[in-house]
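Chemist:
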DNA sequence: GCCGTTTTCGGCCCGACTGTTTTCAGTCG
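Residue numbers (the numbering used here): 322 to 928.
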């Protein structure tokens, strides 16, 4: 049973208790437990099945005696009795109503207990016959908002992948900068933390002209609905196509239908005072758990931290900023951390997982550290550039090394190379070295890992290559056990340098392989094989939690753009961000090494 | 239901916005 499935069960318990009007802190505890399970890097089910399952689970922050027992119950019996008892009391359709924007548990409970609503269809009915207006706090405007929320139910609950979300955020920032006088502007939230998917965008602005900023935002092209618009914040749904020519699939540009169609995202613009910039940025960047931990540190010191700054705790009812109390810190994130006696940590690792205990700011990998691209495709397989064009582009971007790694024979759809074609291709790469100087061109291959873990070329041919990236492309639904054996066999092969996109997942589209990653990492470490973070925003594979496992195990990491098109080099930042989320330091990433060190490492597997 | 170098009991983030109110409840992040 996957962590996600266990988290869902706990989360449903929380929602159902909420609808029954039970103690809100019990609800909160179950929601927290669900998140703890969802975000846990290891396999919760196998821990729960252990002899001391419940005790081991309790060591995870957010899980206590009761929630640990419920997880053990779920894993061993397939269900939680309490879940079934709650489900008998709460109609299933109500959970869907909770997804509606602007509708929370209190309102759903009113619909249910006072109007007998148990489904979306019932809700439609009381709207249609007007009886909804008899319910408390339900006026014309509320009903209009509710109708809008129903019509975009599926769209508004959808998360979006990091790539398109980043592009849209940059477009909003550019738009506001061009139309209002702005002191500072930055995207906060999960985008700043570099999560692989983003629910909505939080754009923070420091400005002398709040009204101008809000006005510029709500009239921006691509805005399909203004959800709220006040003096210091506004919320809109904005079409992703307002970003630029990056669609959800990373292919052709979205055709602008000129109406409220196409995928959209909620974008919140918040105006904050310049003297509170750091406090607001920190507050709105999160994560929630990180903020809670940080506020705990403030409390320990008799201080209170909010989005306006760090203040002395004086137990007054009115918040300090409203009484014009001078904050102890707030203009920058660093000043707040200093006043709290904690090291400033990069947004990517703010997860409330003990990062406040680190001594000194960790020096994580940065975009500028990358000096080599080790995974690229030419027109020989499914790329759009020739060897020379690709080499020139890599050189232009300042890389000292480029590995050409076209697909192997089993990837028929990608025009994979049969052995004789590969041999000619190797010679063509060698010839291109004469044409493009100032960059080392390596002859490689992205070799398919067959379902049983064998490679797609024989060892003799593999030994002729400078670089071997072994990747799974087919049979991505095989059982975890088979997947684990398959990948271990591949990383243990003496001629393999890098395990490419280890799981083959596509974010929000395809789960990919679900091997026991700890075992794969251990085998990779033992054989000196690097694990790839594929930088494409559709993949980001290895994923962040597995990067952290690999980093802690001392395994080498590669960050590659898997270049098929010149624009793919631009995805590098997403790969680096994912590395940072896994606490990756430059020295553990082979792409940051000097040409000498990198080439030496590659050759070691050829002796 | 969880958690603890100010607590094993008594806390559990809090401010902006909105719509419906006659001073505030609900939602959101």
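Built from N, CA and C at the ideal position, the CB exists for glycine as well.
Between residue 906 and the rest of its own chain, which residues show a CB-CB distance below 8 angstroms, the 5 nearest in sequence each way excluded?
Modeler: Answer for residue 906: 683, 684, 685, 686, 872, listed in chain order.
Chemist: For the putative contact between residue 649 and residue 633, defined by C-beta atoms under 8 angstroms, what is the C-beta separation to the nearest angstrom?
Modeler: Contact flag correct, Cβ pair sits at about 7 angstroms.
Chemist: Using only the alpha-carbon positions, how far apart do residue 630 and residue 658 sit?
Modeler: Each residue's alpha carbon lies about 11 angstroms from the other.
Chemist: Would you kindly work out how many angstroms separate the C-alpha atoms of residue 800 and residue 425, rounded to a whole number?
Modeler: Approximately 39 angstroms between the Cα atoms of the pair.
Chemist: Do you know offhand how far residue 771's Cα is from residue 467's?
Modeler: Going from the Cα of residue 771 to the Cα of residue 467 covers about 51 angstroms.
Chemist: Among residues of its own chain, excluding the 5 on either side of residue 788, which ones have a beta-carbon nearer than 7 angstroms to its beta-carbon?
Modeler: So the qualifying residues of the chain are 695, 724, 726, 763, 765, 818, 923.
Chemist: From the DSSP output, in three-state form, read off residue 632 for me.
Modeler: DSSP places residue 632 in strand when its eight states are reduced to three.
Chemist: Return the CA-CA distance between residue 797 and residue 711, expressed in angstroms with no decimal places.
Modeler: Distance between the alpha carbons of residue 797 and residue 711 is about 29 angstroms.
Chemist: From the DSSP output, in three-state form, read off residue 380 for me.
Modeler: In this structure, residue 380 counts as coil in the three-state DSSP scheme.
Chemist: Go through the region 864-901 residue by residue and report every complete run of the beta strand (DSSP E) that reaches 3 residues or more, in order.
Modeler: For the region 864-901, whole beta strand (DSSP E) runs of length 3 or above, ordered along the chain, are 878-881.
Chemist: Let me check understanding here. Comparing Cα to Cα, which of 458, 364, 376, 382 lies closest to residue 672?
Modeler: Minimum Cα distance to residue 672 is reached at 382.
Chemist: Please return the same chain residues whose Cβ sits closer than 7 angstroms to the Cβ of residue 921, not counting the five positions on each side in sequence.
Modeler: For residue 921, where only same-chain residues beyond five positions count, there are no Cβ hits under 7 angstroms.
Chemist: Hey, residue 508 and residue 530: beta-carbon distance below 8 angstroms or not?
Modeler: No; because the gap between Cβ atoms is not below 8 angstroms, this pair is not in contact.
Chemist: Leaving out five residues before and five after residue 521 in sequence, what residues of the same chain have Cβ atoms less than 8 angstroms from its Cβ?
Modeler: For residue 521, where only same-chain residues beyond five positions count, the Cβ hits under 8 angstroms are 510, 586, 587, 588, 589.
Chemist: Near residue 371, which residues of its chain fall below 8 angstroms by C-beta distance, leaving aside the five closest residues on each side in sequence?
Modeler: If we look at residue 371 and ignore the five residues flanking it on each side, its Cβ neighbours are 377.
Chemist: Can residue 558 and residue 519 be called in contact, C-beta distance under 8 angstroms?
Modeler: Going by C-beta atoms, residue 558 is not nearer than 8 angstroms to residue 519.
Chemist: Three-state secondary structure (DSSP) at residue 324?
Modeler: Looking at residue 324 - three-state DSSP - the assignment turns out to be helix.
Chemist: Which two residues bound the contiguous beta strand (DSSP E) that contains residue 556?
Modeler: Note, residue 556: beta strand (DSSP E), 554-560.
Chemist: Is the beta carbon of residue 680 sitting closer than 8 angstroms to the one on residue 664?
Modeler: Yes, they are a contact pair.
Chemist: At the level of alpha carbons, what is the spacing between residue 812 and residue 928?
Modeler: Each residue's alpha carbon lies about 17 angstroms from the other.
Chemist: Going by DSSP, what residues sit across from residue 765 in a beta bridge?
Modeler: 726, 788.
Chemist: Return helix, strand or coil for residue 585, following the three-state DSSP convention.
Modeler: Note: residue 585 maps to strand in three-state DSSP.
Chemist: Would you call residue 391 buried or exposed, if buried means 16 or more other Cβ atoms sit within 10 Å of its Cβ?
Modeler: It counts as buried.
Chemist: Between the Cα of residue 895 and the Cα atoms of 736, 885, 881, 887, which residue gives the shortest distance?
Modeler: Considering only alpha carbons, the answer is 881.
Chemist: Checking 8 angstroms against the spacing of the C-beta atoms, do residue 618 and residue 661 come in under that value?
Modeler: Yes.
Chemist: What is the DSSP secondary structure of residue 580, counted as helix, strand or coil?
Modeler: For residue 580, the predicted model reports a pLDDT of 45, less than 50, meaning its position is unreliable and no value from the coordinates is stated.
Chemist: Per DSSP, what kind of secondary structure is residue 831 in: helix, strand or coil?
Modeler: In this structure, residue 831 counts as strand in the three-state DSSP scheme.
Chemist: Relative to the C-alpha of residue 699, which residue among 678, 676, 743, 675 is closest?
Modeler: Closest option to residue 699, Cα to Cα, is 743.
Chemist: Considering residue 656, what are the terminal residues of the alpha helix (DSSP H) in which it resides?
Modeler: Here the alpha helix (DSSP H) through residue 656 covers 654-661.
Chemist: Name the residue from 639, 374, 670, 846 whose alpha carbon lies nearest to the alpha carbon of residue 512.
Modeler: Checking every option, the nearest Cα to that of residue 512 belongs to 670.
Chemist: Rounding to the nearest angstrom, what Cα-Cα distance links residue 579 and residue 470 in this structure?
Modeler: Note that residue 579 has pLDDT 43, beneath the 50 cutoff, so the model's placement of it is unreliable and no number is given.
Chemist: With a 10 Å radius around its C-beta and 16 neighbouring C-beta atoms as the bar for buried, classify residue 802 as buried or exposed.
Modeler: Under this definition residue 802 is an exposed residue.
Chemist: Taking the alpha-carbon positions, what's the residue 428 to residue 337 distance?
Modeler: Straight-line Cα distance between these residues: approximately 14 angstroms.
Chemist: How would you call residue 552, buried or exposed, if buried means at least 16 neighbouring beta carbons within 10 angstroms?
Modeler: Classification of residue 552: exposed, given that the 10 Å Cβ count is below 16.
Chemist: Who does residue 625 pair with in a DSSP beta bridge?
Modeler: DSSP output for residue 625 lists 632 as bridge partner(s).
Chemist: Considering residue 545, what are the terminal residues of the beta strand (DSSP E) in which it resides?
Modeler: 544-550 is the extent of the beta strand (DSSP E) around residue 545.
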